[in-house]
Every structure is written in structure tokens, then in C-alpha cells.
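Student: Residue numbering for the sequence shown follows full-length UniProt numbering, beginning at 1 and increasing consecutively. C-beta: ideal position from N, C-alpha, C; glycine also. Please see the structure below; I have some questions.
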Amino acid sequence: MDYTLRKALAIEEYLAGGTTSAKLGQKYGFGNASVSRWVVEEKKKNNKIAQRAASLQVAKEREGMPEDIKALQEELRKAQLKIHLLEAMIDISDEQYGTDIRKKAGPRQS
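This is the structure in C-alpha cells:
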């Protein structure tokens, strides 16, 4: 079995789940760090492809829409990105500093 095929099989098996990069490295004759690196690269590549496909779909949907609807959709997209960013920041704060921001938020008492 050639190198490229072994590499592809190792990535595919890892993404399917149920095994570790170390076991796959032994099975296919690679180091576990190599398998891990390839998996990360494959996930990035798949993510970029999915983002491109989503962008093309949005562009196709917008072609026949009035300008005001397009503007509102763009504002909504930006607001959703901002919410996602803020939630990620809260998660990071909770992990790194042991905070519990979501549970503490509530009405202020005077």
C-alpha cells in the first residue's frame, strides 16, 4: 500500500472515530503526531470548503432580493457573528479564570 493511500485511510479512520492517532500510526506505519497533524489539516480544509459553499449559497439566494432585505440580512449576519464571538469570550473566561458569567448575569438589585 502506498504512502498516500495509507495517509488517507488513517485520516478517514480517525475522523470516523473509535480509535486514536497512536493506534492508527502503528497500524499504518506513521507517527501519531503525523496522524494528528494530518487530521487537523483535513478539518481545516473541510471547514474552508463548507464556508465557501455556504457563501455561494447565500450569494445565490440574494440575487433576486430587494436591496433592503439584503442589507437587513447582512446586519443579522454581523449580529450573529458578534454574539458567537461574545459567547466564545465568555467560554474562554470561564475556562481560564474559573468565572461563571452566564449564571451570575441577571437583574441588578439596588
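1) Grab me the residues of residue 99's own chain with a C-beta within less than 6 Å of its C-beta, minus the 5 sequence neighbours each way, in chain order.
2) Would residue 11 pass as a contact of residue 39 if the rule is Cβ separation under 8 Å?
3) Less than 8 Å separating the beta-carbons of residue 77 and residue 70?
4) Might you give, ordered along the chain, the residues of its own chain that have their beta carbon closer than 7 Å to the beta carbon of residue 24, omitting 5 neighbours on each side?
5) Over what stretch of residues does the alpha helix (DSSP H) that includes residue 89 continue unbroken?
6) On the three-state DSSP scale, how would you describe residue 63?
Tutor: The relevant details are as follows:
1) 93
2) yes
3) no
4) 10, 13, 14 and 35
5) 67–97
6) coil
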